[in-house]
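K.L.:
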Amino acid sequence: MPIEKTAKIWMDGKLVDWDDARIHVLTHTLHYGSGVFEGIRAYPTANGPAVFRLTDHLRRLLQSAHLFLMDVPYSLEELVEATKETIRVNEVESCYIRPIAFLGYGEMGLNPLPCPVNVSIAVWPWGTYLGDEAVKHGVRLQVSSWRRMDPNVNPVAAKGTGIYINSSLAKVEALKSGYDEAILLNSQGFVAECTGENIFVVKDGSLVTPPLSSGALEGVTRDSVMTIASDLGIEVREENLLRTDLYCADEAFLTGTAAEIVPMRSVDEREIGEPGEITRKIQETYFATVHGDVPQYKEWLEYARE
Ligand code: PY5
Numbered sequence: 009m010p011i012e013k014t015a016k017i018w019m020d021g022k023l024v025d026w027d028d029a030r031i032h033v034l035t036h037t038l039h040y041g042s043g044v045f046e047g048i049r050a051y052p053t054a055n056g057p058a059v060f061r062l063t064d065h066l067r068r069l070l071q072s073a074h075l076f077l078m079d080v081p082y083s084l085e086e087l088v089e090a091t092k093e094t095i096r097v098n099e100v101e102s103c104y105i106r107p108i109a110f111l112g113y114g115e116m117g118l119n120p121l122p123c124p125v126n127v128s129i130a131v132w133p134w135g136t137y138l139g140d141e142a143v144k145h146g147v148r149l150q151v152s153s154w155r156r157m158d159p160n161v162n163p164v165a166a167k168g169t170g171i172y173i174n175s176s177l178a179k180v181e182a183l184k185s186g187y188d189e190a191i192l193l194n195s196q197g198f199v200a201e202c203t204g205e206n207i208f209v210v211k212d213g214s215l216v217t218p219p220l221s222s223g224a225l226e227g228v229t230r231d232s233v234m235t236i237a238s239d240l241g242i243e244v245r246e247e248n249l250l251r252t253d254l255y256c257a258d259e260a261f262l263t264g265t266a267a268e269i270v271p272m273r274s275v276d277e278r279e280i281g282e283p284g285e286i287t288r289k290i291q292e293t294y295f296a297t298v299h300g301d302v303p304q305y306k307e308w309l310e311y312a313r314e
């Protein structure tokens, strides 16, 4: 899906024209994958565009930077304000938001510490990542032959740009084999997550998701779904899952900012089927929440125009 241009991109404190948001070919991060990023969404609400859990996402951006010993020259509050400003100047009612902190031009060695840290924030309208049909009827998944990176190989708790080569390899393998998305197992053989989404299964009325020790990212959507499900009276457990637990799930779905909430239709050709009752209920509550229609979760919305 090609990126839809907007007018301005925030770069190191300035709003520059979309076509002028350029970097040098010797940018450190281009060579070694040394950047950190976030994926965030703003939704249209009765009070204008609202960013879903903006502060939580930007806190994770700073945590990712901390894991790579990268000093971001902006505070959490400055990044929150810069994001809102970028949404306002681009006059979008809903958008995907992509902040990135990266090591810029200046050094080429593997010691990143002397490199300048650059930050940019782009926003553009982006439909649901796996498609509207996927949200309604689910996706077909393949357990990847690629393993999720081990936490002692890379800090998988960070959204580090270089770490995503692992996700890309699995995604391409799944697409070329005729599937929509891949599931990555960790080096112990337990289910970790998808290429850009966390995983939930429903078994006997309870919701189960792999623990963070599986190597899964601490997803903001994952956390929101866990809260929503408990408030709906559904038991939620963090437990290691085998691939066969996916094959035998009563229901299963993926969660992520880009993908939102997408049912799993099948895993490795084992049918799970059309989305079940619990998946539907969680999807319904989540979509109402992000549009500001659930008073209980109002504090998750941060309005761009206030
Ligand atoms: N796991 C991985 C590896 C991810 O990249 C993401 C988000 C998630 C889980 C879900 O986290 P959250 O719920 O906080 O979004 N992926 C990005 C996103 O914007 C990039 C996907 C293309 O959803």
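Taken in order, the sequence shown gives residues 9 to 314; the numbers are from the working numbering.
Ideal placement from N, C-alpha and C gives every residue a C-beta, glycine not left out.
All values reported here derive from a predicted model rather than from experimental measurement.
Hey, out of G41, V209, M9, whose CA is closest to G139's CA?
P.N.:
Nearest of G41, V209, M9 to G139, Cα basis: M9.
K.L.:
Nearest to R61 by CA position, among I48, G146, A166, is which residue?
P.N.:
Considering only alpha carbons, the answer is I48.
K.L.:
Measuring only the C-alpha atoms, how far is R156 from V125?
P.N.:
Answer to the nearest angstrom: the Cα atoms are 28 Å apart.
K.L.:
Check this for me: beta carbons of L215 and A237, under 8 Å apart or not?
P.N.:
Yes, the pair counts as a contact, with Cβ atoms nearer than the cut-off.
K.L.:
Taking only heavy atoms of the ligand MN into account, decide whether any of them is closer than 7 Å to the Cβ of A267.
P.N.:
As far as ligands go, the structure on display features the ligand PY5 and does not contain the ligand MN.
K.L.:
Just confirm the distance between the C-beta atoms of L262 and V275, as a whole number of angstroms; I'd bet it's less than 8 Å.
P.N.:
Contact doesn't hold; Cβ gap of about 11 Å is too wide.
K.L.:
May I ask whether a heavy atom of the ligand PY5 can be found less than 7 Å away from the beta carbon of S175?
P.N.:
True, at least one ligand heavy atom lies under 7 Å from that Cβ.
K.L.:
Can you grab the Cα-Cα spacing for the pair N55 / Y311, in whole Å?
P.N.:
Their Cα atoms are separated by approximately 7 Å.
K.L.:
Apart from the five residues just before and just after A130, which ones in its own chain have a Cβ nearer than 6 Å to its Cβ?
P.N.:
Hits under 6 Å: I17, R106.
K.L.:
Helix, strand or coil, according to DSSP, for L66 in the structure here?
P.N.:
Looking at L66 - three-state DSSP - the assignment turns out to be helix.
K.L.:
Are the region 168–183 and the region 132–146 in contact at 8 Å, needing three or more beta carbon pairs?
P.N.:
The region 168–183 vs the region 132–146: no contact.
K.L.:
Can you grab the Cα-Cα spacing for the pair V233 / E86, in whole Å?
P.N.:
For V233 and E86, the distance between alpha carbons rounds to 28 Å.
K.L.:
Could you tell me how far apart the beta carbons of T324 and W308 are, in whole angstroms, since I believe they sit closer than 8 Å?
P.N.:
The chain is shown only over 9 to 314; residue 324 falls outside these bounds and no answer can be derived.
K.L.:
Alpha carbon to alpha carbon, how far is N174 from T94?
P.N.:
Whole-angstrom Cα-Cα distance: 31 Å.
K.L.:
My assumption, with CB atoms under 8 Å, is that G41 sits in contact with G170. Please give the rounded CB distance.
P.N.:
Between G170 and G41 the Cβ distance is about 2 Å, and since that is below 8 Å, they are a contact.
K.L.:
Evaluate contact between the region 197–214 and the region 242–249, counting only Cβ atoms and requiring at least three cross-stretch pairs below 8 Å.
P.N.:
With a cut-off of 8 Å, the region 242–249 and the region 197–214 count as touching, because enough Cβ pairs lie within range.
K.L.:
Would N206 and G186 qualify as a contact pair, given that the criterion is a beta-carbon distance under 8 Å?
P.N.:
It is not a contact, given that the beta carbons lie outside the stated cut-off.
K.L.:
Go through its chain and collect everything with a Cβ distance to V33's Cβ below 7 Å, but skip five positions before and after it.
P.N.:
Once the five neighbours on either side are set aside, V33 has no close Cβ partner at all.
K.L.:
Apart from the five residues just before and just after G43, which ones in its own chain have a Cβ nearer than 6 Å to its Cβ?
P.N.:
The answer, listed in chain order, is T37, I108, F110, T169.
K.L.:
From which residue to which residue does the beta strand (DSSP E) around K22 run?
P.N.:
Run containing K22: 22–25, per the beta strand (DSSP E) assignment.
K.L.:
Check the C-beta distance from A192 over to M272 and give it rounded, since I have them as a contact under 8 Å.
P.N.:
One detail in the question is off: residue 192 reads as Leu in this sequence, not Ala. Wrong, their Cβ atoms sit about 14 Å apart, outside the cutoff.
K.L.:
Within the present structure, is the beta-carbon of K306 separated from the nearest heavy atom of the ligand PY5 by less than 7 Å?
P.N.:
Because no heavy atom of the ligand PY5 lies under 7 Å away, the Cβ of K306 does not count as near it: no.
K.L.:
Per DSSP, what kind of secondary structure is G300 in: helix, strand or coil?
P.N.:
In the structure shown, G300 sits in coil (DSSP, three-state: anything other than H, G, I, E or B).
K.L.:
Tell me whether E279 sits in a helix, a strand or coil according to DSSP, three-state version.
P.N.:
The answer is strand: DSSP assigns E279 an E or B state.
K.L.:
Using only the alpha-carbon positions, how far apart do R67 and L177 sit?
P.N.:
Cα to Cα, the separation comes out at about 28 Å.
K.L.:
How far does the beta strand (DSSP E) with M116 in it extend, from its first residue to its last?
P.N.:
Looking at the DSSP string, M116 is not in any beta strand (DSSP E), and its letter there is neither H nor E.
K.L.:
Report the option in T217, L121, M78 whose CA atom is closest to the CA atom of C202.
P.N.:
Measuring from the Cα of C202, the nearest candidate turns out to be T217.
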